[in-house]
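One structure is given here, and the rest of the page talks about it.
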Amino acid sequence: MDTSSALFLALDLAGTFAFALNGAWTAIRFTRLDIVGVLTLGMITALGGGMIRDVLLGAVPPATFQDWRYLAVAAVGSLVAFVSSRSLHRLATPIVVLDAAGLSLFAVSGALKALDEVGFVQAVILGAITGVGGGTLRDVLIREVPAVLSSGLYAIPALVGAFLAVGAERVGAAALPGAMVAAAVCFAIRMLGVRFGIDAPGPPGSRAPRMME
Amino acid sequence: MDTSSALFLALDLAGTFAFALNGAWTAIRFTRLDIVGVLTLGMITALGGGMIRDVLLGAVPPATFQDWRYLAVAAVGSLVAFVSSRSLHRLATPIVVLDAAGLSLFAVSGALKALDEVGFVQAVILGAITGVGGGTLRDVLIREVPAVLSSGLYAIPALVGAFLAVGAERVGAAALPGAMVAAAVCFAIRMLGVRFGIDAPGPPGSRAPRMME
Amino acid sequence: MDTSSALFLALDLAGTFAFALNGAWTAIRFTRLDIVGVLTLGMITALGGGMIRDVLLGAVPPATFQDWRYLAVAAVGSLVAFVSSRSLHRLATPIVVLDAAGLSLFAVSGALKALDEVGFVQAVILGAITGVGGGTLRDVLIREVPAVLSSGLYAIPALVGAFLAVGAERVGAAALPGAMVAAAVCFAIRMLGVRFGIDAPGPPGSRAPRMME
């Protein structure tokens, strides 16, 4: 395995672990599922984005099914979340932070993988889809409006991260720093949006651009 | 590009534009999303049906990602919907009309593309899936029961349009008039169903065949 | 067609028929859809799991579109459910039994088909995905929390059935008895779970592991 493949795999597995914890804790917090439901939602959240990416790229069976490490990391992450849920008094903060981490890592890894198959703009879009995909499946399954629709700064940081990753690759920047900076910028924008409740502008004339629940 | 490809592309891009406007206005009307949510829902509605079609046909990466015009048309349509939403006092009518237009155009373009790969009946079904796919993703994401389930005349006009398009192709009719008539018949059936509230028959013994909300 | 292919097809078509009845009756019971909605939900439930499996395996167009018997069996099953719904005073029991039957048959057929392409563990997971896929699409479309998340013994029997099917194949057991035993064990675990309301353990410290509605 060359350096580039190793970097891609590391990003992808780190994102898988973050989303597994996030999905499993979400299951515990919002719906009081039993262990099977918690593991299932953790694994779908962790593996969903990459599966959508690979299906759209024609890279099937998806990496998830060809490399046992994805399944192992997703299962371990979900189990860790399950057994540790009691010691965490409030799950809200880790859920949000891990979601931002998974979003950032997958946006970058997805864009870099897509760049081998499609053009620049399409790779950015596919990276963003990879980042938001798992969380969107998670939200649909637990009947929440997906964050990608309701949260102002969710798709934007994913697009920025994917754009920076693809741009760094194109201008010949060193792979590891390029990917790390891209993921860090995505993560920072997302967390700033969460911290300060920033939303993108609403339609002209509307007063309440936020999702009504 | 030969005539047949140009016709297919024109139908597909016109359907993309119609569904982008429809999805974006739906986001504004039903959920008061901000600009990112509006653009996201517009683009998913516009590109979803074709992506499902291409994934099922094995034509990956989907046309959406191989041809920049799809992304551009979907983005422009969503933006136009966003900036024009204030001047439209009531969005209900254009939403319904554009949904019928996208349904018709995609049912025909999907069926014609599928016919290169699969048999007659399967091409009709795949055309109908292309027509209803984007709107179904839209409805699932905003937590509505999809029109394809709740609306009596939604799947039927898509099947009729796809059938006519495939039939015209098979009997050697001229491509452009064949496709236009197929789409027009689909559109007319759908709009008649909306105008007169026509539903298909309910199960034997039921009195209320409509979806209860 | 050799014996193995015939066995696979028989399992797959039997699962298709069971899920078509289940999906159509679910549509009638929960949502009072008209005939088109009933047929649509029946066919999505019947064909969804196999389509997800084939897309993930890269076996596209999916068997559903290459072999007319899938569409025919799904349509006939949905129609039978539609016309027979009045004579059944209570649909709850047949809905649950047919869901368990479809789950079992698809878990086994999905695992056996996947084993040609991917490794042992991945084939088990893909078999389980095939089993739960159609019902999950059904539940998302009618806005229910999917059984795979909310029901303790749903994913587990699918995984057990897929594991037994793949294991029997690997140890060289005769194909037909191996597949039948695997499906029967899956069905029995699922029905015991339903009968006795068995759930898997909840997170440590939680008192109410069941889904709250």
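In order, the protein sequence lines correspond to chains A, B and C.
Position one of the first sequence corresponds to residue 187 (my numbering), numbered consecutively onward.
Position one of the second sequence corresponds to residue 187 (my numbering), numbered consecutively onward.
Position one of the third sequence corresponds to residue 187 (my numbering), numbered consecutively onward.
Each residue gets a CB set at the ideal place from its N, CA and C atoms; glycine is no exception.
Asked	Found
Residue-level contact to chain B via CB, glycine 223 (chain C), 8 angstroms cutoff	yes
Residue from A:Thr231, A:Pro248 and A:Leu219 with nearest C-alpha to glycine 317 (chain A)	A:Thr231
Spatial distance of glycine 401 (chain A) from alanine 365 (chain A) (CA atoms)	Chain A is shown only over 187 to 399; residue 401 (chain A) falls outside these bounds and no answer can be derived.
Leucine 207 (chain A) - DSSP class collapsed to helix/strand/coil	helix
Interfacial residues, the stretch 323-344 of chain C to chain B, with Cβ spacing under 8 angstroms	Val326, Leu327, Ile328 and Arg329
Exposure of aspartate 240 (chain A), with buried meaning 16 or more beta-carbon neighbours within 10 Å	buried
Option in C:Ala351, C:Leu197 and C:Asp253 with minimal Cα separation from valine 304 (chain B)	C:Asp253
Bounding residues of the alpha helix (DSSP H) (the contiguous stretch that carries isoleucine 281 (chain C))	278-301
Neighbourhood of phenylalanine 251 (chain A) by C-beta distance below 6 angstroms, restricted to the same chain and skipping five residues each side	none
Any chain A beta carbon closer than 8 angstroms to phenylalanine 205 (chain B)	no
Candidates A:Pro332, A:Val224, A:Leu242 and A:Leu378, of which the one nearest lysine 299 (chain A) by Cα	A:Leu242
Simplified DSSP assignment, three categories, for alanine 370 (chain B)	helix
Rounded C-alpha distance that separates leucine 301 (chain C) from valine 352 (chain C)	7 angstroms
Per-residue contacts from proline 248 (chain C) into chain B (C-beta, under 7 angstroms)	Leu242
Residues of the stretch 354-383 of chain C with Cβ closer than 8 angstroms to any Cβ of chain A, in chain order	none
Cβ neighbours of proline 332 (chain A) in the same chain (closer than 6 angstroms, five flanking residues each side left out)	Thr322 and Asp325
Distance CB(isoleucine 214 (chain A))-CB(valine 224 (chain A)) smaller than 8 angstroms	yes
Rounded Cβ spacing between alanine 206 (chain A) and alanine 260 (chain A) (contact assumed at less than 8 angstroms)	5 angstroms
Classification of leucine 227 (chain B) by the beta-carbon crowding that lies within 10 angstroms, buried from 16 upward	buried
Reduced DSSP category for alanine 245 (chain B) - H, G, I as helix; E, B as strand; rest coil	coil
Buried versus exposed call for glycine 338 (chain A) [16 or more other C-beta atoms within 10 Å across all chains shown]	buried
Buried versus exposed, by CB contacts within 10 Å (16 or more), phenylalanine 382 (chain C)	exposed
Neighbour list for isoleucine 230 (chain A) in chain B, Cβ cutoff strictly below 7 angstroms	Under the 7 angstroms cutoff, chain B gives no residues; its nearest Cβ is about 15 angstroms from isoleucine 230 (chain A).
Contact residues within the stretch 301-312 of chain A, judged by C-beta distance below 8 angstroms to chain B	Glu303, Val304, Gly305, Val307, Gln308, Ile311 and Leu312
Proximity test, Cβ basis, 8 angstroms: threonine 226 (chain C) and chain B	yes
N-terminal and C-terminal residue of the alpha helix (DSSP H) that isoleucine 214 (chain A) is part of	First-last for isoleucine 214 (chain A): undefined, no H or E at that position.
Alpha-carbon spacing of serine 270 (chain C) relative to aspartate 220 (chain C), whole angstroms	14 angstroms
CB contact check: leucine 219 (chain B) to chain A, cutoff 8 angstroms	yes
Buried or exposed by the 16-neighbour rule on C-beta atoms within 10 Å, applied to serine 191 (chain B)	exposed
Closest Cα partner of alanine 196 (chain B) within the set B:Ala361, B:Val380 and B:Ala374	B:Ala361
Alanine 278 (chain A) versus leucine 284 (chain A): straight-line alpha-carbon distance, rounded	10 angstroms
Proximal chain B residues relative to leucine 257 (chain C), where beta-carbon distance stays under 9 angstroms	Val307, Gln308 and Ile311
Continuous alpha helix (DSSP H) assignments of at least 4 residues falling wholly in the stretch 329-378 of chain A	333-336 and 341-356
Extent of the continuous alpha helix (DSSP H) run through glycine 383 (chain B)	Per DSSP, glycine 383 (chain B) belongs to no alpha helix (DSSP H) and is neither H nor E.
Reduced DSSP secondary structure (H/G/I, E/B, other) of methionine 187 (chain C)	Low confidence applies to methionine 187 (chain C): its pLDDT is 48, below 50, so where it sits in the model is not reliable enough to give any reading.
For glycine 305 (chain C), three-class secondary structure by DSSP	coil
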